[in-house]
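Residue numbers (this note's numbering): 41 to 203. Here's the structure, in structure tokens; my notes come after.
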Amino acid sequence: MKVIDIINKSDSTVFSFELLPPLKGNDTGKMYRTIESLIDFDPKYINITTHRDELEFKELVDGTIIKRTVRKRPGTVAIAADIQHKYEIPVVPHILCGGFTKSETEHVLIDLNFLGINNVLALRGDGVKNQHVFKPTVNGHSNASELVRQLKIWLKENTWKKI
Numbered sequence: 041m042k043v044i045d046i047i048n049k050s051d052s053t054v055f056s057f058e059l060l061p062p063l064k065g066n067d068t069g070k071m072y073r074t075i076e077s078l079i080d081f082d083p084k085y086i087n088i089t090t091h092r093d094e095l096e097f098k099e100l101v102d103g104t105i106i107k108r109t110v111r112k113r114p115g116t117v118a119i120a121a122d123i124q125h126k127y128e129i130p131v132v133p134h135i136l137c138g139g140f141t142k143s144e145t146e147h148v149l150i151d152l153n154f155l156g157i158n159n160v161l162a163l164r165g166d167g168v169k170n171q172h173v174f175k176p177t178v179n180g181h182s183n184a185s186e187l188v189r190q191l192k193i194w195l196k197e198n199t200w201k202k203i
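Take a look at the structure:
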């Protein structure tokens, strides 16, 4: 079900919560325990955050600069699908400009549609750590309004799968 419909049909306050995917190497057990501790509050949907990979650049003695991923989280799409199907609660995965190309965004939309997830939250997202100015990813979006434009075009050309 679409979150906007849940909110519009409700005659009282709607409770939801937001989850941060676990860091790579951690299992989903803590995430499940957290969800299960909040189920009694009857959340109407669950937000799943997305984060760009955190990168580290290191200069070698020969002057070569190497890039290394120092922090990575499992895919928001996979976690969102797992939660929605395990708990039968609609999910709202976040889609970001920062760290993602337009092509990667389209692949996320295709995956979400295939998995029956028809809610998203479009955000610009944070810039690269220790940079004070947001710089878009090459072939990515500079701001959330550009991302929303891509989402609208995609929706016009495609139909969300009915759950």
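Beta carbons are placed, not taken as given, at the ideal position from N, Cα and C, and that holds for glycine. Computed from a predicted model, the values in this text were never measured in an experiment.
| Item | Value |
| --- | --- |
| Apart from the five residues just before and just after L59, which ones in its own chain have a Cβ nearer than 8 Å to its Cβ? | M71, T74, I75, I86, N87, I88, T89, I119 and I123 |
| By Cβ distance below 6 Å, which residues in the same chain neighbour H181 in space, the five residues on each side in sequence not counted? | C137 and L187 |
| Does the region 48-63 come within contact of the region 98-109, defined as at least 3 CB pairs closer than 8 Å? | no |
| Can you give me the start and stop residues for the beta strand (DSSP E) that E58 sits inside? | S56 to L59 |
| Measuring only the C-alpha atoms, how far is R164 from I135? | 8 Å |
| Beta-carbon of P61 versus every beta-carbon of chain C: anything under 8 Å? | Absent from the structure is chain C; it holds one protein chain and no more. |
| For V160, which of helix, strand or coil comes out of DSSP? | coil |
| Which one or two residues does DSSP pair with T233 in a beta bridge? | Residue 233 lies beyond the range of the chain shown here (41 to 203); nothing can be said about it. |
| CA-CA distance, G115 and V148? | 10 Å |
| Residues in the same chain with beta-carbon distance under 8 Å from R189, minus the five sequence neighbours each way, listed in chain order, please. | none |
| If you compare alpha carbons, which of N48, F57, G139 and L152 is closest to A184? | G139 |
| Considering only the alpha carbon of each residue, which of I46, I44 and S56 lies closest to D80? | S56 |
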